[in-house]
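Using our numbering, the first residue of the sequence shown is number 377, and each one after it goes up by one.
Think of the CB as a built atom: it goes at the ideal place given N, C-alpha and C, for glycine as much as any other residue.
Small disclaimer: the values here were computed from a predicted structure and weren't measured.
What follows is a set of notes on a single structure, which appears directly below.
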Amino acid sequence: MTSAVDSQSDPQSNSLSPTLSPNAPDCEPFLPPTQFLPSPPTSDAVETPLPPHAESLRYSTSQQPEPTIVEDANAGFRKRKLSAEKEGNSLRRSPRFSAGSGSGSRHLVKWHGSRDPELPLNVQNFHGKFNGGEHLRRCPGLNPSEKLDVKLYGTLELRRSPRFSSSNGNENMEINVLQRKRKSKAVHQTKKNIKAVSTSIELSSSTVEQHSEVKIMSRSSTCGIDDTKSLTWSSEAITSPYQNGRTISNSFPLSELDDDPPRKKYRTSTSSTKEGMDSESIAAFIGDPIPEDEAQKRWGWRYELKDKKCKDQQLKINEGEEDEIIANVKCHYAQAEVGNCIFSLGDCAFVEGEGEEKHVGRIIEFFQTTEGQNYFRVQWFYRIQDTVVQDEGGFHDKRRVFYSSIMNDNLIDCIIGKANVTQITPRVGLKLASISPSDLYYDMEYCVDYSTFRNIPTDASAVTENLPSSDLCKNELSLLDLYAGCGGMSTGLCLGAKTASVNLVTRWAVDSDMSASESLKLNHPDTHVRNESAEDFLELLKEWEKLCKRYNATVAERKLSCRSKYPETTKQEVHDVSDHEFEVSKLIDICFGDPKETGNRGLYFKVHWKGCSTSEDTWEPIKSLSKCKESIQDFVRKGMKSKILPLPGEVDVICGGPPCQGISGYNRFRNSESPLDDERNRQIVIFMDMVKFLKPRYVLMENVVDILRFDKGSLGRYALSRLVHMKYQARLGIIAAGCYGLPQFRLRVFLWGSHPSEVLPQFPLPTHDVIVRYWPPPEFERNVVAYDENQPRELEKATVIQDAISDLPAVMNSETREQMPYQSPPETEFQRYIRSTKYEMTGSKSNETTKERPLLYDHRPHTLSEDSYERVCQIPKRKGANFRDLPGVVVGADNVVRRHPTDNPMLASGKPLIPDFCFTFEGGKSKRPYARLWWDENLPTALTFPSCHNQVVLHPEQDRVLTIREYARLQGFPDYYRFHGTVKGRYRQIGNAVAIPVSRALGYTLGLACRKLSGNEPLVALPPKFSHSHYLQLSNNQPGNTDDTDNTD
């Protein structure tokens, strides 16, 4: 679906290269779980206009001034220096705020209303020279900051804001060597007034009060908590730097941004009472220290960091409140006693936080500093509300947590008690009767990058052991396209999967628009296309399952007389049948709803009456066919054999873009408080209900970016939450269509879901530069599919209007022909690709045709009225031309247009040349009415109708709006793809469709996942020349491609 506002074309728009890291690990280093910082208020506009000075989606740090649009805490962060008076206090800070640049003193950011906070930087895994030169963990699209002290950190690079570069060149990260005692600080977050307030808690400077004495003792018993079911490791169990497939010791990751976990309260006084523990006890290490040689093997990075600094100094990197790397380590221990309870390395524990909810983590390190402070390093688990889902996870199991690789250091008296955390295998529909109500469990990992929930990577063979071997090499995958429209999404997915040697076939498609359904059927004759609402289709599937179970018996049932009585007015007499009886010949269709418009909803069969023509077929409720069980059974059995409707387990892929008109920027009456209560937004619920019922292997949902912007992104969070609740893996990305070779920017949200027995598909990296037209929601900037700034890439130049339509014949405003011949050969790679035949696109022999000269379809425009046409003819044929170039317009210093006081030219009809709406639209500041596109530009977004009153849709050199075919090319539809319906209806189908180059690229990544060729990284590169090469051109270059063709459509 689409409901986006096209932004005004900017002649100075720059091409961009979306960026992201190629070698980045697949998940974030663990932040302590926290709620998101609320997004700053945004306008109701669907798409945020691009600032004039903005650079490209590469988000380079060079030559880019500070933007004026709202920035969110989920973007990258800049740092602030510690002020002199606070430098020694080591105040705890929110993970959203970090040290600043230049010589400015450190300060904490507060949000007041709509004021934009500066965006600090959080750094990720700090491997560098301390971890064998491994690449740093990078977040998507983030820019690297200047390097640290080269003498101390070698060539290590840190990260900064993902989309916006710094305002000066002194943004180097500060590393402060602190020698004073620590102070604890709690950072509170108030969502309602959008403020982040910091409070310092002064603690005693007494060494006795601040630091526990090391108690060297042995115990034969631990606390009374039963931890036999908890996921505990002995100290010997963590000698390897890897645990459960994750690095846990050879790095010291810094705090992440975006989905920050709940902030922790750090306790440095042992006098406070802890729940479930003896308030009089002292937190202390027990037993002898681990031998130094063994400790250095396990945690060598910490000792190497210590060697870089003088003894008795504490090193902290002020890049995130909750991740202070303690370098002045003295020794390590295997156990600690906290509140009369003994904790060993590998034990899971509850850790004190700011709210009532206790945080959960696994202890992976005990160490004492040279100052006598006792620390533990914890690997955190997320609760669902600590993830991007936030408040939309209220219906999840409270016992479920999510594995993470994020870790940090804390004082041991933050520990509250032991936790039993059990790892289980994720299964769709599994009832967890075996898990105690007091225990926790985890079955999935959460990574901040692209809001990813996925299986915990283990042995590669374990991923596929739950699937029969025949499924792994299935010859054909079936697809259900919901809200299918004219088929843009499913068409692209099938084309892309084919290039990855996977035969994906659209078996079923559903849409309530009759013309769109006819267009899909015209191009996909073998697809079961149903013209009905998604709600009715879901109810039909439930009834169909019941019928299949009832009538699929092997025992022959007694034949019944297939006669049904109806009033005389229902049918006329047929042959020798009495006036009051009509005989059922056969049942030909089935539906759920009210096809007879009687007000009675339910299950209906379409009946062909014996002796009657097909025009006399009628829909009859199943209750009226109680004597026709044999006909019903015959219909059901034949339907099961031909799979006219899918049953649970028979669908491999469900895709769709549930419409959400209730959040459209055009809707002034949006329900901003509870968008899911708006019936126009309920389709996301229906879509997820369909997934729950059919249990497909893969899910792909598309929607406008407003689902992440409206009501703090509640609709997008809800969709993600539903998938995760159903135990589906999930990944959310924002994709610009222009990055895949289209002359259109078109930013859209895509949500992958995959069954726990499958591999989660990746997102495709861009193939082209693109002209940026507007920004994504600030809080979700890190979900934009893009290259990392320093990642090598070979992007092709941005595709523009001329590349797409310059070869098409000139037509008039009054053109009405349905088809015509091409008049010139293709001039660009895009034009050669878009003219490919269906056989070249699909490789299917059934689509191989004779070498007849191809025809051009639908190259006709919406016919303008006489008045509008007369105005268009006076618009100059040059770049940037619009109604302001007409006589009778005065442009003020404030850029507001006004009528000339004396010059007021008139049309032949007697109406003004300049209509009134030109002076009132967008406060008189818009340049879009009657504006021409130009050859070196792109379109912001192809909408559902090319209105020249409020869009830039006039042809560069012809006096008309873009034709249906030109519109289709801007969406990537091949020229062989035809459309059905009125002219306006065809425009609407095209504007509502998913851009085919995007769905084709996603289909390729889906094919890789089906073949178990996807990696753990969220992004994958497409083959060279992918976007403008058809299947036959690519087939010889794909790894493992058998180059087989088939006989399917």
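In the structure shown, the three-state DSSP call for G748 is coil. DSSP places G1361 within a helical segment (H, G or I) once states are collapsed to three.
Taken in chain order, the complete beta strand (DSSP E) segments of 3 residues or longer contained in the segment 693-731 are 705-709, 711-714, 717-720 and 724-727.
The beta carbons of V1176 and D1312 sit about 5 Å from each other, so the pair counts as a contact at 8 Å. About 36 Å separates the CB atoms of N1189 and P1142; that is not less than 8 Å, and the two are not in contact. Here the C-alpha atom of V1125 lies approximately 37 Å from the C-alpha atom of R753.
The segment 996-1024 is shown to contain whole alpha helix (DSSP H) runs of 4 or more residues at 1005-1018, in chain order. H1406 and L1096 have their alpha carbons spaced roughly 33 Å apart. With a threshold of 16 other beta carbon atoms within 10 Å, N1314 meets it and is buried. Sorting T867, A860, V983 and D902 by C-alpha distance to the C-alpha of D889 places A860 at the top.
For a cut-off of 8 Å, the C-beta gap from L880 to G1032 is around 15 Å, too long to register as a contact.
Between R1247 and L1289, the gap from beta carbon to beta carbon is short of 8 Å.
Look at Y1306 here: in three-state DSSP terms it is coil, with no helix or strand label. Beta-carbon to beta-carbon, D1183 and E1165 are separated by about 36 Å, too far to satisfy the 8 Å threshold. For W1128, the enclosing beta strand (DSSP E) stretches over residues L1123 to S1130. DSSP places I1181 within a helical segment (H, G or I) once states are collapsed to three.
Uninterrupted alpha helix (DSSP H) stretches at least 4 residues long and entirely within the segment 1372-1419 occur at 1372-1386 and 1407-1410, given in chain order. Our two residues, P802 and M820, have alpha carbons roughly 7 Å apart in a direct line.
For I1030, same chain residues with a beta-carbon under 7 Å away, outside a window of 5 residues either side, are L856, L858, M1066, V1067, L1070, P1072 and V1075 in chain order. Three or more Cβ pairs closer than 8 Å define a contact, and the segment 1240-1255 meets that threshold against the segment 1277-1291. Under the DSSP assignment, S895 falls in the alpha helix (DSSP H) whose first and last residues are M890 to N899. Excluding residues up to 5 positions away in sequence, C967, P971, W995 and P997 lie with their Cβ nearer than 6 Å to the Cβ of Y980 in the same chain.
Between the alpha carbons of M1016 and N928 lies a gap of roughly 9 Å. Going by C-alpha positions, T1192 is about 18 Å away from Y1353. Taking a C-beta distance under 8 Å as the contact criterion, V797 and Y822 do not qualify as a contact pair. Between F726 and I739 a beta carbon distance of about 11 Å is seen, past the 8 Å cut, so the two are scored as non-contacting.
For P1288, the three-state secondary structure derived from DSSP is strand.
Annotated as distal: R1308 and F1295, with beta-carbon spacing of 8 Å or more. L816 and V878 do not touch by the CB rule: their CB atoms are close to 38 Å apart, not below 8 Å.
Judged by DSSP secondary structure, I1062 falls outside any beta strand (DSSP E) and instead within the alpha helix (DSSP H) spanning Q1059 to L1070. Annotation: the continuous beta strand (DSSP E) that includes K982 extends over G978 to W985. When I662, G805 and V1396 are compared, the shortest CA-CA separation from C717 is found for I662. Residue environment analysis places L1398 among the buried positions, since at least 16 neighbouring C-beta atoms fall within 10 angstroms of its C-beta. If you look at Y1215, you'll find it in the alpha helix (DSSP H) that goes K1214 to T1218.
Of the residues V1265, N1280, E1333 and P1281, the one whose Cα lies closest to the Cα of K1303 is V1265.
Separation of the CB atoms of R883 and K1014 is rounded to 16 Å, and the pair is thereby denied contact status at 8 Å.
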